[in-house]
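Visitor: Top line first, the protein sequences correspond to chains A and B.
Numbered according to this note's numbering, the first sequence terminates at residue 226, and the numbering increases by one at each position without gaps.
Numbered according to this note's numbering, the second sequence terminates at residue 452, and the numbering increases by one at each position without gaps.
The following block contains the structure, expressed as structure tokens.
2 protein chains.
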Amino acid sequence: MRELFTRELDQVGVDLVQMASHAATAIEQASTALQTADLALAEQVIDADVAIDDLERVLDERCVDLLARQSPVAGDLRLVVTALRMSASIERMGDLARHIAQVARGRYPQRAVPESLTETFDQMATAATAAARSVAELLQSRDVQRASQIESADDTLDALHRDTFRTMLTQKDQLSSQEIVDVTLLGRYYERFGDHAVSVARRVSYLVTGDPADFTTEGYSNSGSA
Amino acid sequence: MRELFTRELDQVGVDLVQMASHAATAIEQASTALQTADLALAEQVIDADVAIDDLERVLDERCVDLLARQSPVAGDLRLVVTALRMSASIERMGDLARHIAQVARGRYPQRAVPESLTETFDQMATAATAAARSVAELLQSRDVQRASQIESADDTLDALHRDTFRTMLTQKDQLSSQEIVDVTLLGRYYERFGDHAVSVARRVSYLVTGDPADFTTEGYSNSGSA
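Encoded structure:
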């Protein structure tokens, strides 16, 4: 990001990195809980989500304080406003990880994901965790190469999401209604998780490069349909 | 809201009302397209969503401009920051209406909603449209009575959403996999639409009453699980 950071703006950056790290841990653990029907781990993820919510509140207060006391303009102002938007996206990533953990908990002691889709969801878990870790690294390093890794992880998630539909629609008899409902929701949660990671990546890229081409299409909000 | 509105802050309010009106029209028309398998209307909703996105961009620029030129503090500052958050929620309501229209379009000439759930989705459409209209009216009038109507419409949506799961899990043989997928996604879209309406309602209430009890729990983000 720009060199105009004050110490407080730096702290906002630190908060965002911490939120993203929490979101990465949450999606990784929620995915493990889902794959292994681990009730304790699912509950741990659900309980830990308040920490991300708290971080968002602290960060938002810090941003509003910064606006009130320092009246930043130009790039610094845009940075603070963008931080507010990014914190909302990362908070939402935490919610989506929690939703995945809630599905895992709801089906315990069964596993929510049917055998035929285990591999697909393993790959979604890997891509989503990589995307969240890259978000944390991008926020830390401001190395925009990370942004393209996030876009690529999101493309992977979208392709895997389409795979889940293909499997559900061709394996009618092997899947129960509950399994179809769960897979539909889980696929949606992973896909939205990727969208939010891309949203953050594009905002950071725009701040770093100043090129609106990095953030014009808002394409991430167009990929949510089924 | 507070009396400290400048003319420009008033314009932000006007923009928000307009966005909410568009979102209300979008959900109403998307629901009609869904219920009647009306391809032309579905495409109209999909195309019209860019107007909401454009309004959000204009409003956000106006807010950032206001922050840069007027350096508001205290209540005015909170109002501008809150407007940014509300515009994001209303933009998302537009996206969700578009997603519903996309499901309607995807199943044309069939209807996406099975016979056994027609009534449930009719009621969801009514509640969601009422919620969006109340959001527009609340933003216009700052009459916090509207906020409780929105909470109540959201409770209705949550109850209907649970009904859809109950129906799907008890009518296994009558529903195709495609129908289960569609109903799961549509139910989620309506439910999230209600969540965003509540989010806006709570933010307005907090601005009007100054009572954080109106906006502490962020409960709207906890109702998204299945």
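Glycine is no exception: its CB is placed at the ideal position from the N, C-alpha and C atoms.
Please read these numbers as outputs of a predicted model, since none were measured by experiment.
In the DSSP assignment, find the alpha helix (DSSP H) that holds A:Gln123 and state where it starts and stops.
Guide: 118-141
Visitor: So, is the C-beta of B:Val299 closer than 9 Å to a C-beta in chain A?
Guide: Under the Cβ criterion of 9 Å, B:Val299 is counted among the residues facing chain A.
Visitor: Could you check whether the Cβ of B:Val243 sits closer than 9 Å to any Cβ belonging to chain A?
Guide: no
Visitor: Using alpha carbons as the reference points, say which of B:Leu433, B:Leu267, B:Gln296 lies closest to B:Tyr334.
Guide: B:Leu267
Visitor: B:Ser360 versus chain A: which residues are under 7 Å apart at the beta carbon?
Guide: Within chain A, no residue comes near B:Ser360; the closest Cβ sits about 23 Å away, beyond 7 Å.
Visitor: Quick check: A:Leu97 and A:Ala37, are their CB atoms within less than 9 Å of each other?
Guide: Per the sequence shown, residue 97 of chain A should be read as Ala rather than Leu. It is not a contact, given that the beta carbons lie outside the stated cut-off.
Visitor: Please go through the same chain and pick out, in chain order, the residues whose beta-carbon is closer than 6 Å to the beta-carbon of A:Gly13, but skip the five residues on each side of it.
Guide: none
Visitor: For B:Gly420, count neighbouring C-beta atoms within 10 Å of its own C-beta (all shown protein chains included) and say buried if the count is 16 or more, exposed if not.
Guide: buried
Visitor: If we cut at 9 Å on Cβ distances, does A:Val198 have a partner in chain B?
Guide: Taking 9 Å as the CB threshold, A:Val198 stays off the interface with chain B.
Visitor: Using beta-carbon positions only, say whether A:Ala136 and A:Val50 come within less than 9 Å of one another.
Guide: no
Visitor: How far does the alpha helix (DSSP H) with A:Glu8 in it reach, from first residue to last?
Guide: 7-36 is the span of the alpha helix (DSSP H), which, as asked, contains A:Glu8.
Visitor: By DSSP, does A:Tyr108 sit in helix, in strand, or in coil?
Guide: coil
Visitor: Taking A:Val64 as the query, report the chain B residues whose CB atoms sit under 8 Å from its CB, ordered along the chain.
Guide: Taking a Cβ-Cβ cut-off of 8 Å, the neighbours of A:Val64 in chain B comprise Leu303, Arg304, Val307, given in sequence order.
Visitor: Compare the beta carbon distance of B:Ala353 and B:Thr382 with 9 Å and say whether it is the shorter of the two.
Guide: yes
Visitor: Determine contact between the region 247-260 of chain B and the region 295-309 of chain B, defined as no fewer than three beta-carbon pairs at a distance below 8 Å.
Guide: no
Visitor: Who are the Cβ neighbours of B:Ala358 in its own chain at under 7 Å, not counting the five residues just before and after it?
Guide: Ala246, Ala249, Ala250, Ile253, Met319, Ala423
Visitor: Taking 8 Å as the cut-off, is the CB of B:Val276 close to at least one heavy atom of the ligand COA?
Guide: Of ligands this structure carries none, so the ligand COA is not represented either.
Visitor: Please name the residue in A:Leu138, A:Tyr190, A:Phe165, A:Asp53 whose C-alpha comes closest to that of A:Ile100.
Guide: A:Tyr190
Visitor: Just list the alpha helix (DSSP H) runs in the region 139-201 of chain A, keeping only unbroken ones of 4 residues or longer that don't cross its boundaries, in chain order.
Guide: 145-170
Visitor: Using 9 Å as the threshold, is the C-beta distance between A:Leu160 and A:Thr120 below it?
Guide: One thing to note: A:Leu160 has its Cβ within 9 Å of the Cβ of A:Thr120.
Visitor: If we define contact as Cβ-Cβ less than 9 Å, is B:Met312 a contact residue for chain A?
Guide: So, not an interface residue.
Visitor: Measure how close the beta-carbons of B:Thr308 and B:Arg429 come, nearest whole angstrom, since I'm counting them as under 8 Å.
Guide: 5 Å
Visitor: Closest by CA to A:Arg105, which one among A:Thr32, A:Arg192, A:Leu9?
Guide: A:Thr32
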